[in-house]
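Residue numbers (the working numbering), protein chains in the order written: chain A, 18 to 345; chain B, 46 to 548.
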């Protein structure tokens, strides 16, 4: 009797472990499946290729982890990326323009875009969804006017180095992705700003009553997002050796999908940077795998959609599972 | 003319919520054509009883006999289709729709031809007729959002009447009405009563009850106390019945040394209160009594910087302070456990520890704003121990705790800020008896440590048992101040309900 009970407990714990780490298990399962059909998948070159492909969207996803974790949304990041890419590419073409100025301009733009979003939201007490929907269009317009809707090529070499070279055996873009993720995890878990941001996502009124300056925190959150857009713009421009005015469009949606797959709730209160990275890798692995299996890229969209649905349904169901266990 | 047939009879209703007994063996009798007042303090169980009647809650025990049959309604719609409608205290109209659309919402079929097309002219005509019959001067086509609250309330009343119900329950229907509209409501009620409709009238205004009601049922602490014809009873006797509690349940306050004045509030005015002045000393517990909506919470919210102050001054330790946000208030050494734990207290997505450390986090960071996690862990565990919060681990999400333990965690959140003044707004509402007395013990201890405490409570035994001095607020004004010794339940109730002529 007692023995049976203990066994039951052990099984339940194993199940609990799997459910808690479900994103990792999904990734492993997918990798095994693809490798079984197409062993090329598991070669180091292909793995590095996947990591390089996802680096820009992962940086964006890391930023979105903070945005969603704090109960906000920023739809303008995709067009921010286009605008920043164009700006940096054009500046870099100016003869004798130092690298640092180009970077500083990108950073400055990230700060300005983020601040603008947050200040409008704060000042008129508007929902972030609508405000960033509007600024999305504004940034897009600016980007098209400045670039005359044509890609800007012939950019300075230092940008292509960032996008294409290796450092210690890994592509520089992958290093950037890893550093951004570690930095964000640190900010969210260890700094007062991160802690306040997540509390705001859990219940902004309660956070305000507990003495948190919601408006200031929101400005910080959107600036961090703007900086992530800048990093993503740098990576994308470097990888393509040119700035595409439409570069980032739609990327915000992919980033949101990765964040949600990674277990950060859409309505805030929790933030899982590691989960977001896993989410990005899953999306990258599936795209890569389907390519290797010669599946039409339009089908990839459907698979991605199904995957997002699967992940959020699993999320909701596992929450129920834990609740029912707690009540036993 | 009045028929004497009993239309509704309720027996032996019991209801518990998570171990808290909300209703015990309640009975209620309603006759056709009768206007029946249901009266009692906040929390006496009136609303719960009505919710059970309408099927919003199911009773644990007891039976409801309606028109001679035992019934158990599944939901308010079920009750409505059987002839029981209710006018809720909160407006439940769709603001963007017209008066006419709101009244017939969900019943548009009445005005449809064989097709699905709604004949809006036909509907508006029916609305016009209804409003005319009731004497309400509103146009069927007016959009709800442009109406005054009083007019919205009249639309609610018209809607309830339009169901041709046999019983209409009115929960504080006059709270938003001006005198003129109150008269109109009385006329409507009298006409309905002549037609044999039974009205349940829930109100805190005693004059109203004596003006309009035939019968009065008194409830207290979830129990049925008595039923009287309104002609057989005086206001004073009614107050005694509403209070009628033995003082043995009182909560003991430990003796504490009362020191210098800490917080002084002078002529504070805000949106829902005016000219509020009071002083609270170190080690003192200052109680705030009154009915819900009397403005007590609003005063505290303003002092704590949640809502703006329109006029008046706040002094702390003899110096004037200007508080513009809760952050400012905390920096000055104020702390506030808010009334609405769900909306303004617990952050459900976060762990117990993160909930506790939230307000003082800023004080344990280094110059790079990095939180000292070791200190946070230690302080939170100390607090959990000191406050006897029952948790499996500090990492547990706060929503898995009982209400009492959540409240202790919220109080801990504020104690970590080392406040000079602690404001507690209904700290024990909805909390089981055991945790309640633990929280009372904690409050007493805090006063002994020299913290100035403001305690808002709608429960008389709590406010009388815990406070050194008691303020009573009514309709946004301070109407009474008395010492612990002077306070009697009758006195506090009389001031809360506004019946003080002969006191």
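Even glycine gets a Cβ: it sits at the ideal position worked out from N, Cα and C.
Computed from a predicted structure; not experimentally measured.
Cβ pair residue 538 of chain B, residue 303 of chain B closer than 8 Å: Sequence index remark: in the second chain, residue 538 of chain B carries index 493 (1-based). Sequence index remark: in the second chain, residue 303 of chain B carries index 258 (1-based). Cβ distance not < 8 Å, so residue 538 of chain B and residue 303 of chain B don't count as in contact.
Starting from residue 145 of chain A and walking both ways along the alpha helix (DSSP H), at which residues does that stretch end? Sequence index remark: in the first chain, residue 145 of chain A carries index 128 (1-based). Residue 145 of chain A -> alpha helix (DSSP H) spans 145–164.
Would residue 411 of chain B be called buried (16 or more neighbouring beta carbons within 10 Å of its own) or exposed? For this step, residue 411 of chain B is matched to residue 366 along the second chain. With fewer than 16 other Cβ atoms within 10 Å, it is exposed.
Below-8 Å beta-carbon distance, residue 220 of chain A vs any chain B residue: Position 203 of the first chain, counted from the first residue, corresponds to residue 220 of chain A. Closer than 8 Å to some Cβ of chain B, the Cβ of residue 220 of chain A qualifies, so yes.
Residue 416 of chain B - partner residues in DSSP beta bridges: Here residue 416 of chain B is taken as the residue at index 371 of the second chain, counted from 1. The partner list for residue 416 of chain B (beta bridge, DSSP) reads B/410.
At a Cβ threshold of 8 Å, is residue 140 of chain B touching chain A? On the second chain, residue 140 of chain B is found 95 positions in, with the first residue counted as 1. No, no contact with chain A.
Just the C-alpha distance for residue 405 of chain B and residue 457 of chain B, rounded to the nearest angstrom, thanks. Counting from 1 along the second chain, the entry for residue 405 of chain B is found at position 360. Counting from 1 along the second chain, the entry for residue 457 of chain B is found at position 412. Approximately 10 Å between the Cα atoms of the pair.
Do you know offhand how far residue 385 of chain B's Cα is from residue 368 of chain B's? Numbered from its first residue, the second chain carries residue 385 of chain B at position 340. Numbered from its first residue, the second chain carries residue 368 of chain B at position 323. Cα-Cα distance, rounded: 21 Å.
Member of A/247, A/51 and A/203 whose CA lies at the smallest distance from the CA of residue 289 of chain A: The residue you call residue 289 of chain A lines up with position 272 of the first chain. Among A/247, A/51 and A/203, the Cα nearest to that of residue 289 of chain A belongs to A/203.
Residues bridged to residue 183 of chain A [DSSP beta-bridge criterion]: Walking along the first chain from the start, residue 183 of chain A turns up at place 166. Its beta-bridge partners are A/188.
Rounded to whole angstroms, what is the Cα-Cα separation between residue 500 of chain B and residue 513 of chain B? As a first step, residue 500 of chain B is located in the second chain; it is residue number 455 there, counting from the start. As a first step, residue 513 of chain B is located in the second chain; it is residue number 468 there, counting from the start. Approximately 10 Å, taken between the alpha carbons.
Can you tell me where the alpha helix (DSSP H) holding residue 175 of chain B begins and where it ends? Your numbering for residue 175 of chain B matches position 130 in the second chain. Residue 175 of chain B -> alpha helix (DSSP H) spans 165–179.
So, at 7 Å on beta carbons, what are the nonlocal neighbours of residue 218 of chain B in its own chain, with the 5 sequence-adjacent residues on each side left out? Here the question's residue 218 of chain B lines up with position 173 in the second chain. The residues are 132, 198, 202 and 230.
Below 7 Å CB to CB, which residues in the same chain sit around residue 218 of chain A once its five sequence neighbours on both sides are set aside? Sequence index remark: in the first chain, residue 218 of chain A carries index 201 (1-based). Excluding positions up to five away in sequence, the list reads 86, 87, 88, 285 and 286.
Could you tell me whether any Cβ in chain A is nearer than 8 Å to the Cβ of residue 490 of chain B? Your numbering for residue 490 of chain B matches position 445 in the second chain. Not one chain A Cβ lies under 8 Å of residue 490 of chain B.
With H, G and I counted as helix, E and B as strand and the rest as coil, what does DSSP make of residue 24 of chain A? Translated into the one-based positions of the first chain, residue 24 of chain A becomes position 7. With a pLDDT of only 41 at residue 24 of chain A, under 50, the local geometry of the prediction cannot be trusted, and the value read off the model is given with reservation. DSSP places residue 24 of chain A in helix when its eight states are reduced to three.
Is any beta-carbon of chain A found at less than 8 Å from that of residue 560 of chain B? With chain B covering only 46 through 548, there is no way to say anything about residue 560 of chain B.
Where residue 292 of chain B sits in the DSSP three-state scheme: Here the question's residue 292 of chain B lines up with position 247 in the second chain. Bear in mind that the predicted position of residue 292 of chain B carries a pLDDT of just 46, short of 50, making it too unreliable to give a figure here.
According to DSSP, residues forming a beta bridge with residue 170 of chain A: By one-based count along the first chain, residue 170 of chain A stands at place 153. Paired residues: none, contrary to the question.
Cβ of residue 293 of chain A less than 8 Å from any chain B Cβ? In the first chain, the residue the question calls residue 293 of chain A occupies position 276. No - not a single Cβ of chain B is within 8 Å of the one on residue 293 of chain A.
Endpoints, the beta strand (DSSP E) within which residue 320 of chain B is located: Taking the first residue of the second chain as 1, we reach residue 320 of chain B at position 275. Residues 318–326.
Establish whether the CB of residue 209 of chain A and some CB of chain B are separated by less than 8 Å. The residue given as residue 209 of chain A occupies position 192 in the first chain. For residue 209 of chain A, the answer is yes, since a Cβ of chain B falls inside 8 Å of its Cβ.
What is the DSSP secondary structure of residue 425 of chain B, reduced to helix, strand or coil? Walking along the second chain from the start, residue 425 of chain B turns up at place 380. Residue 425 of chain B: helix per DSSP, three-state reduction.
Under the three-state DSSP convention, the category residue 269 of chain B falls into: For the purposes of this step, residue 269 of chain B is taken as residue 224 along the second chain, with counting starting at 1. Strand at residue 269 of chain B.
Is the beta carbon of residue 371 of chain B closer than 8 Å to that of residue 226 of chain A? The count along the first chain starts at 1 and reaches residue 226 of chain A at position 209. The count along the second chain starts at 1 and reaches residue 371 of chain B at position 326. Taking 8 Å as the Cβ cut-off, residue 226 of chain A and residue 371 of chain B qualify as a contacting pair.
Does the distance from the CB of residue 517 of chain B to the CB of residue 482 of chain B come in under 8 Å? The count along the second chain starts at 1 and reaches residue 517 of chain B at position 472. The count along the second chain starts at 1 and reaches residue 482 of chain B at position 437. Result no, Cβ atoms of residue 517 of chain B and residue 482 of chain B do not sit closer than 8 Å.
Cβ-based neighbour list, residue 221 of chain B, same chain, cut-off 6 Å, excluding 5 preceding and 5 following: Here the question's residue 221 of chain B lines up with position 176 in the second chain. If we look at residue 221 of chain B and ignore the five residues flanking it on each side, its Cβ neighbours are 194, 195 and 198.
What number of angstroms, rounded off, separates the C-alpha of residue 339 of chain A from the C-alpha of residue 216 of chain A? In the first chain, residue 339 of chain A corresponds to position 322, counting from 1. In the first chain, residue 216 of chain A corresponds to position 199, counting from 1. When rounded, the distance between both Cα atoms is 22 Å.
Suppose you measure from the CA of residue 324 of chain A to the CA of residue 296 of chain A; what does that come to, to the nearest Å? The sequence position of residue 324 of chain A within the first chain is 307, counting from 1. The sequence position of residue 296 of chain A within the first chain is 279, counting from 1. Near 10 Å, if we compare the C-alpha coordinates of residue 296 of chain A and residue 324 of chain A.
Buried versus exposed, by CB contacts within 10 Å (16 or more), residue 400 of chain B: Taking the first residue of the second chain as 1, we reach residue 400 of chain B at position 355. Label assigned to residue 400 of chain B: buried.
Between the Cα of residue 43 of chain A and those of A/337, A/250, A/302 and A/106, spot the shortest distance and give me the residue it belongs to. Residue numbering aside, residue 43 of chain A sits at position 26 when the first chain is read from its first letter. Closest option to residue 43 of chain A, Cα to Cα, is A/302.
Anything in the region 385–399 of chain B with a Cβ closer than 8 Å to a Cβ of chain A? List those residues in chain order, please. 388, 389, 390, 391, 392, 393, 394, 395 and 399
Please report the distance separating the alpha-carbon of residue 76 of chain B from that of residue 102 of chain B. As a working note, residue 76 of chain B is residue 31 in the second chain. As a working note, residue 102 of chain B is residue 57 in the second chain. So the alpha carbons of these two residues sit roughly 23 Å apart.
I want to see whether chain A comes within less than 8 Å of residue 404 of chain B, judged by CB atoms only; does it? Walking along the second chain from the start, residue 404 of chain B turns up at place 359. Output row for residue 404 of chain B: interface = yes.
Can you pull out the residues from the region 311–323 of chain A whose beta carbon lies closer than 9 Å to at least one beta carbon of chain B? none
In the DSSP assignment, find the unbroken beta strand (DSSP E) run with residue 51 of chain B in it and report its ends. Translated into the one-based positions of the second chain, residue 51 of chain B becomes position 6. It spans 51–62 - the beta strand (DSSP E) in which residue 51 of chain B sits, taken as one unbroken run.
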